[in-house]
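Trainee: Going by the working numbering, the letters in the sequence shown line up with residues 15 to 282, in that order.
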Amino acid sequence: MKGFMYHAIYDFKTGVRDKTLMLMNYLFPLGFFLLVGMFMTKINPYFVEIMVPGMLLFALMSSSLLSLPGTLVTSREAGVYRNFRVHGIPSYSLIIIPIIGNLFHAVIVCTLITAGSFLLFGGTLPVDWGWFVVVFMLAALCLSTLGMLIGIVSQSSRASVLIAQAFYLPSVLLGGLMIPGDQLPASLSPVASLFPATHAIRAFTQQAYARVPAVGVAGSPLLVLVASIIINLVLCFALFQWDVRPIGRKRLLFALLALAPFAASAML
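1) With DSSP run on the structure shown, which of helix, strand or coil describes H101?
2) Relative to the C-alpha of I244, which candidate in L253, A200, A272, F218 has its C-alpha closest?
3) Report the option in V147, F42, H213, R265 whose CA atom is closest to the CA atom of P194.
4) Short check: CB of V238 to CB of P184, under 7 Å?
5) Could you tell me if A252 is buried or exposed, where buried requires 16 or more neighbouring beta carbons within 10 angstroms of its beta carbon?
6) Output the distance between the C-alpha atoms of P59 and V121, rounded to the nearest integer angstrom.
7) Please go through the same chain and pick out, in chain order, the residues whose beta-carbon is closer than 7 Å to the beta-carbon of V123, but skip the five residues on each side of it.
8) Taking only three categories from DSSP, how would you classify R96?
9) Does T34 pass the burial test, meaning 16 or more other C-beta atoms within 10 Å, or should it be called exposed?
10) Given a cut-off of 7 Å, decide if A206 and L191 are closer than it, judged by their beta-carbon atoms.
11) By how many angstroms is the C-alpha of R99 removed from the C-alpha of A173?
12) In angstroms, rounded to a whole number, what distance separates the CA positions of G165 and N97?
13) Quick check: L79 and G161, are their CB atoms within less than 7 Å of each other?
14) Give the secondary structure of S81 by DSSP, where H, G and I count as helix, E and B as strand, and everything else as coil.
15) How should S242 be labelled, buried or exposed, when 16 other C-beta atoms within 10 angstroms of its C-beta is the threshold for buried?
16) Could you pull out every unbroken alpha helix (DSSP H) segment of at least 4 residues lying fully inside the segment 127-196, listed in chain order?
17) Mapping DSSP to helix, strand and coil, what is S207?
18) In angstroms, rounded to a whole number, what distance separates the CA positions of A66 and M281?
19) Does DSSP classify G253 as helix, strand or coil?
Printed below as a string of structure tokens:
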């Protein structure tokens, strides 16, 4: 346990010193938040109602999908994980600690965004703070474990960027971060359900803001997020590799199980 805590503290300090991680974890989401807040609140008055959850999810996706996978791939290519293995560091530590570190950074930046949304732009605060924290943690864990899985299955930094962008860009456009999900065309609703951000926004809306819930599987976004976290963690432990070598087509197909909760929601 002492070694685990030492590793966690070292990982956090390394992240603070890394300029790229600081950019993606703090500067990029905070800068985007200020920029969007200045013009979206003027052209779309409704935006203040979804500003807090929308900007929180943007920050979570920036750190989890754009930063975490590349860091993992770079460490593996540099032989860092081989050195850890030689010194007896267990694989679960290399999976859990980056997720915890990512959550810690996310809590800091999302606290700033929540306060800034209300103080600077009049963003609507949640009516149930307990559920707000629960949904935030589930969304953060879902995206962090997904980012970790992307890093594990990616054979290069370029591949990790491409896979992460396949989740990131559609989530920003269709996930309800900028416009309410009910304003999307009906034909795009099933497509939007394939992305974690959509379910996180639904969970924030239903639980933290106490608005009218959806029906069916789409009305249970918390279950989708929990199922995604469990599946992602199982896949991370099953597919983790200490060094760079072909992961195999069957194992890559196995990794597609991470989409199962979202695909089930989209179909049902």
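A virtual CB, placed ideally from N, CA and C, is assigned to each residue, including glycine. Since this is a predicted model, take the numbers as computed values, not measurements.
Mentor: Straight from the coordinates:
1) In the three-state DSSP reduction, H101 falls in the coil class, being neither helix nor strand.
2) The residue among L253, A200, A272, F218 with its C-alpha nearest the C-alpha of I244 is A272.
3) Closest by alpha carbon: H213.
4) Note that the C-beta distance between V238 and P184 is not below 7 Å.
5) Exposed, since its Cβ has fewer than 16 Cβ neighbours within 10 Å.
6) P59 and V121: Cα-Cα distance of roughly 27 Å.
7) Close CB contacts of V123 within its chain, under the 7 Å cut and outside five residues either way in sequence, are with N39, Y40, P43, L44, A73 (chain order).
8) Here DSSP, grouped into helix, strand and coil, assigns R96 to helix.
9) Counting Cβ neighbours within 10 Å, T34 comes out exposed, since fewer than 16 surround it.
10) No, the pair does not count as a contact, with Cβ atoms beyond the cut-off.
11) Taking the Cα positions, A173 is about 24 Å away from R99.
12) Answer to the nearest angstrom: the Cα atoms are 18 Å apart.
13) The Cβ atoms of L79 and G161 sit closer than 7 Å to each other.
14) Three-state DSSP puts S81 in coil, outside helix and strand.
15) The residue is buried, with at least 16 neighbouring Cβ atoms inside 10 Å.
16) Qualifying alpha helix (DSSP H) stretches, in chain order: 143-167, 171-188.
17) S207 carries a coil assignment under DSSP once its states are collapsed to helix, strand and coil.
18) In the sequence as displayed, the identity of residue 66 is Val instead of Ala. Cα-Cα distance, rounded: 29 Å.
19) Before going on, a small fix: residue 253 reads as Leu here, not Gly. Helix, per DSSP.
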